[in-house]
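First up is the structure itself, then whatever we jot down about it.
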Amino acid sequence: MINARLIGTLALVAAASQVSAVNPPPPPPGASKPAPMNAPMAAPAPSAIKPAPAPAPAPVKPVVDDSALLAPAKQPALRPHVLIKPPMPRMNPAKPLFGDPLPGLTTAQLELFVDGKADFEKTEDVEGGLGPIFNESSCVACHNGGAVGGASPRNVTRFGRVTATGFDSLDALGGSLLQDQSILPAAREFVPREANLVVRRNSTPVFGLGLMEAIPDAAILANVRKQPVDGVTGKAAMVTDVVSGQTRVGRFGWKAQQATVLGFAADAYANEMGVTNRYFPKENAPNGDAAKLAKSDFIQDPEDAPATGLADFEKVANFMKLLGPPPQAPATASSNAGKQLFASAGCVACHVPSLLTGPNTDPAFDRKEVRLYSDLLLHDMGSLGDGIVQAPAGPREMRTAPLWGLRASAPYLHDGRAPNVDAAIAAHDGEAKVSRDRYLKLTPAQKKQLADFLMTL
Ligand code: HEC
Ligand code: HEC
Numbered sequence: 002m003i004n005a006r007l008i009g010t011l012a013l014v015a016a017a018s019q020v021s022a023v024n025p026p027p028p029p030p031g032a033s034k035p036a037p038m039n040a041p042m043a044a045p046a047p048s049a050i051k052p053a054p055a056p057a058p059a060p061v062k063p064v065v066d067d068s069a070l071l072a073p074a075k076q077p078a079l080r081p082h083v084l085i086k087p088p089m090p091r092m093n094p095a096k097p098l099f100g101d102p103l104p105g106l107t108t109a110q111l112e113l114f115v116d117g118k119a120d121f122e123k124t125e126d127v128e129g130g131l132g133p134i135f136n137e138s139s140c141v142a143c144h145n146g147g148a149v150g151g152a153s154p155r156n157v158t159r160f161g162r163v164t165a166t167g168f169d170s171l172d173a174l175g176g177s178l179l180q181d182q183s184i185l186p187a188a189r190e191f192v193p194r195e196a197n198l199v200v201r202r203n204s205t206p207v208f209g210l211g212l213m214e215a216i217p218d219a220a221i222l223a224n225v226r227k228q229p230v231d232g233v234t235g236k237a238a239m240v241t242d243v244v245s246g247q248t249r250v251g252r253f254g255w256k257a258q259q260a261t262v263l264g265f266a267a268d269a270y271a272n273e274m275g276v277t278n279r280y281f282p283k284e285n286a287p288n289g290d291a292a293k294l295a296k297s298d299f300i301q302d303p304e305d306a307p308a309t310g311l312a313d314f315e316k317v318a319n320f321m322k323l324l325g326p327p328p329q330a331p332a333t334a335s336s337n338a339g340k341q342l343f344a345s346a347g348c349v350a351c352h353v354p355s356l357l358t359g360p361n362t363d364p365a366f367d368r369k370e371v372r373l374y375s376d377l378l379l380h381d382m383g384s385l386g387d388g389i390v391q392a393p394a395g396p397r398e399m400r401t402a403p404l405w406g407l408r409a410s411a412p413y414l415h416d417g418r419a420p421n422v423d424a425a426i427a428a429h430d431g432e433a434k435v436s437r438d439r440y441l442k443l444t445p446a447q448k449k450q451l452a453d454f455l456m457t458l
């Protein structure tokens, strides 16, 4: 549905901002130009002559700030919700596929799954709150490999400034996450000159996130080593959960920067799509410029905040929580040999084959084995680190990437630099150096077996 008034406003603002960019308006008549800073002082009048009273200086009009004129009255977000009823997904199939719901859900949960999936796939529009700056207009645009919710080759950009004293995320200039699209050309973000670090972040899959969330903090903390084994220690990412305000073990994202699925969903709506919500109620100003924001933001915040019922970010969080884990592929003789090599090369020190969820009143999450091949800890990866500090992760620290579903998530590593697992493993460094060197000594046939194993996870 198209709202004519809003489209009219957009066209007007676009036209006005283009005109003023090309051709600054002439100064209004009578306005005096402010003296340049380095103008010479006027010579003092000879003391014998009584100086005539100086004419009252013409008032210096400020340079016209058109942001107030152009900023239209904000409209409420239009977010009509079409409740998607069945077709219901397959429940407890003998052979699960990527994108299937968790086994053992109730009918009510399956309805939440289907409904939240529709929001995950929905394309946001300006009237609903998209932008002013954003990266893509739907979750599925970046999460689709293998099925809705998978990884993709889409990278986002982070920037910052590395100084002698540490890392500056250049918040005041719109850092560290760049939004590379905008609803108006004039609001478009760019990497500022001040940035001397620019890195890419590859989209990760969201399969099985409810299981990952149900792993107790204590189970993750239990894998932190006091004494390094083969150089591996690990550190839990203690973060403040945006939802509960509590200190929790972060586990989502390349830096384990979020502790809950709901928190990540709210973050993604605001920061990837510019749709504000209860937990992220403020729009990102383009490169931190409040005037640019005022000229391009037409919708009242928070945008995803219905008067009744669940907000879309809550529905999408339900979908991600109820998504099943990636299905494993059948083992072969080669993959079985590769499994042994995975253990003997010490990959399991970080890529812990499985963790257990805690006791849970919901049977779908109650003491389940989660075969994610990650300890969910941060590790110092040496030269593989991305240089970004995302508290509490330091510049070289990265979350052990879960390896489940690898066959549908290429390209690999945080910046998607590795087209295959061989390149991804060869780039391991820091705490993973001992293990990587063992891998590099394998014969080509053994490397193939190890890759075959990884493609079954
Ligand atoms: C422009 C691409 C893009 C869009 C749009 C996008 N994401 Fe993502 N998503 C990413 C990237 C890149 C990452 C990895 C981010 C990081 O760790 O810095 C990610 C990570 C995630 C994760 C963490 C998964 C894990 O591995 O722990 C979740 C959850 C997520 N996104 C949910 C969403 C939701 C929900 C939406 C829609 C509201 C969404 N994303 C929209 C690119 C995108
Ligand atoms: C010290 C901990 C550690 C050890 C040991 C380790 N890894 Fe990793 N692995 C990581 C981390 C951390 C990442 C994410 C790094 C990044 O992208 O910056 C990762 C990423 C990967 C990826 C890419 C996953 C993706 O989705 O992009 C693969 C494949 C992988 N590891 C396989 C292995 C194999 C095989 C071994 C053993 C030879 C191994 N790793 C040993 C910590 C480790």
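Residue numbers (this note's numbering): 2 to 458.
Here a beta-carbon is modelled for each residue, glycine too, at the ideal position from N, C-alpha and C.
Chain C contact for T107 (CB, 8 Å cutoff)
In the structure shown, chain C does not exist; there is a single protein chain.
At the level of alpha carbons, what is the spacing between D453 and V349?
16 Å
Close-in-space but distant-in-sequence residues of the same chain around S384 (CB under 6 Å, 5 per side omitted):
D430
Endpoints, the alpha helix (DSSP H) within which L212 is located:
210-214
Taking L179 as the reference, give the member of K449, N285, L414, A409 with the closest Cα.
N285
Buried or exposed: where does V23 fall if 16 or more other Cβ atoms within 10 Å of its Cβ makes it buried?
Bear in mind that a pLDDT of 33 at V23, under 50, signals an unreliable position, so the number given afterwards is only what the model happens to contain. Its Cβ having fewer than 16 others within 10 Å, V23 is exposed.
Determine the burial state of T444: buried for a count of at least 16 other Cβ atoms within 10 Å of its Cβ, exposed for fewer.
exposed
For L379 versus E398, is the C-beta distance shorter than 8 Å?
yes
Confirm, please, whether the CB-CB distance from L451 to F343 is below 8 Å.
yes
Here's a check: name, in chain order, each residue in its chain whose Cβ is nearer than 7 Å to the Cβ of G161, leaving out the five neighbours to either side.
F168, D169, S170, L171, G176, S177, A196, L198, I389
Less than 8 Å separating the beta-carbons of M213 and R252?
yes
My output table needs one value for Q301: the three-state DSSP class, helix, strand or coil.
coil
Residue from D116, T457, L98 whose Cα sits closest to the Cα of H82:
D116
Tell me whether N93 is buried or exposed, calling it buried when 16 or more other Cβ atoms sit within 10 Å of its Cβ.
exposed
Boundaries (first-last residue) of the beta strand (DSSP E) holding N272
Counting along the chain, N272 falls outside any beta strand (DSSP E), though it belongs to the alpha helix (DSSP H) covering 262-274.
Could you tell me which of S183, H144, N278, V163 sits nearest to R194, measuring between CA atoms?
V163
Please classify I134: does DSSP put it in a helix, a strand, or coil?
strand
Touching by the beta-carbon criterion (3+ pairs, under 8 Å), the stretch 135-149 and the stretch 203-210
yes
Within the present structure, is the beta-carbon of C143 separated from the nearest heavy atom of ligand 2 by less than 7 Å?
no
Pull the bridge partners of D169 from the DSSP assignment, please.
R162
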